[in-house]
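The numbering used here numbers the first residue of the sequence shown as 488 and each following residue consecutively.
Notes follow once the structure below has been shown.
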Amino acid sequence: MQRVLVTGNAGAGKSTVAKAVSAILGFPIHHMDMAVWLPGWKKVPQDLRDRRVDEWTGEEAWVIDGVSSRVLSRADTVVFLDVPRRLSFWRVFWRNLPHLFKSRPELPPGCPEILIIPTLCRIIWQFPVRIRPGLMESMKEPMGKQQWIYLRTREEVAEFLSELEFGSGEEANKWRIQQQPERASKVG
Numbered sequence: 488m489q490r491v492l493v494t495g496n497a498g499a500g501k502s503t504v505a506k507a508v509s510a511i512l513g514f515p516i517h518h519m520d521m522a523v524w525l526p527g528w529k530k531v532p533q534d535l536r537d538r539r540v541d542e543w544t545g546e547e548a549w550v551i552d553g554v555s556s557r558v559l560s561r562a563d564t565v566v567f568l569d570v571p572r573r574l575s576f577w578r579v580f581w582r583n584l585p586h587l588f589k590s591r592p593e594l595p596p597g598c599p600e601i602l603i604i605p606t607l608c609r610i611i612w613q614f615p616v617r618i619r620p621g622l623m624e625s626m627k628e629p630m631g632k633q634q635w636i637y638l639r640t641r642e643e644v645a646e647f648l649s650e651l652e653f654g655s656g657e658e659a660n661k662w663r664i665q666q667q668p669e670r671a672s673k674v675g
């Protein structure tokens with residue numbers, strides 16, 4: 488576990504889990520939002536975005552949160568937070584409330600949440616149909632020696648982080664999909 492992607496829907500808890508994994512492993516953390524957005528919610532040009540991702544993924548070890556096929560293909564570990572859509576809406580509401588008129592720490596300056604709420608709602612609504620199926624397929628057939636960690640609940644996240652910090656041997660590996668294929672097959 489040297490190159491970790493934490494992925495999932497908006498509001499799934501990607502940044503929170505990525506920060507915890509980064510702290511536990513001592514790896515630098517990068518937020519895809521910093522590669523995608525410029526101040527004022529303007530999109531970063533694709534070539535610059537790709538260069539930034541290439542720079543991050545060129546590091547020996549890293550934790551990146553977000554949804555990116557470029558990062559996915561370079562990760563040795565993927566933590567997929569697959570939470571219900573209603574929970575994503577709820578979390579985004581509470582996460583964004585204090586930042587309605589200013590940027591969250593994971594975003595460039597000049598990106599107040601009030602301007603992105605309709606887009607976030609659309610992303611959350613469409614994720615189960617547009618993004619999740621591809622992630623589920625990738626989870627069934629991981630690239631190379633890629634490990635997938637599939638988490639659906641707050642309790643599973645807490646247990647995973649605790650085992651990552653304090654566990655060892657087989658106990659620390661119990662979340663890896665390759666060792667628990669039935670976890671992936673139950674999703675749907």
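Virtual Cβ for every residue (Gly too), placed ideally from N, Cα, C.
Near residue i, which residues of its chain fall below 6 Å by C-beta distance, leaving aside the five closest residues on each side in sequence?
| i | result |
| --- | --- |
| R557 | V540 |
| E593 | S502, H518, D520 |
So what's residue i in DSSP terms, helix, strand or just coil?
| i | result |
| --- | --- |
| I551 | strand |
| A499 | coil |
| F588 | coil |
| V565 | strand |
| K530 | strand |
| R490 | strand |
| I611 | helix |
| I601 | helix |
Please classify residue i as buried or exposed, where buried requires at least 16 neighbouring CB atoms within 10 angstroms.
| i | result |
| --- | --- |
| T494 | buried |
| Q489 | exposed |
| F653 | exposed |
| W581 | exposed |
| R670 | Annotation note: pLDDT 41 at R670 (below 50); position unreliable, coordinate value reported separately. Buried, because 16 or more other Cβ atoms sit within 10 Å of the Cβ of R670. |
| G431 | Lying outside 488 to 675, the shown extent of the chain, residue 431 is not represented and no answer is given. |
Skipping 5 residues on each side, what residues in its chain have a beta carbon closer than 7 Å to that of residue i?
| i | result |
| --- | --- |
| W543 | H517, W549, I551 |
| I618 | V554 |
Leaving out five residues before and five after residue i in sequence, what residues of the same chain have Cβ atoms less than 8 Å from its Cβ?
| i | result |
| --- | --- |
| P668 | The pLDDT assigned to P668 is 37, lower than 50, so where the model puts this residue is not dependable, and the model offers no usable value. |
Rounded C-beta distance between residue i and residue j? I'm assuming under 8 Å.
| i | j | result |
| --- | --- | --- |
| G500 | R578 | 7 Å |
| L525 | P599 | About 14 Å; that fails the 8 Å criterion. |
* **Contact the region 544-553 vs the region 604-623: 3+ CB pairs below 8 Å** => Between the region 544-553 and the region 604-623 there are fewer than three inter-stretch CB-CB distances shorter than 8 Å, so the stretches are not counted as touching.
* Any contact of the region 578-591 with the region 640-647, i.e. 3+ C-beta pairs under 8 Å? -> Judged by Cβ distances under 8 Å, the region 578-591 makes no contact with the region 640-647, as fewer than three pairs qualify.
* Asked: Do the region 510-526 and the region 613-631 touch if we need at least three Cβ pairs shorter than 8 Å?
  -> Flag = no, the region 510-526 and the region 613-631 do not touch.
* Is the number of C-beta pairs between the region 644-652 and the region 490-509 that are closer than 8 Å three or more? -> Yes: at least three Cβ pairs fall under 8 Å.
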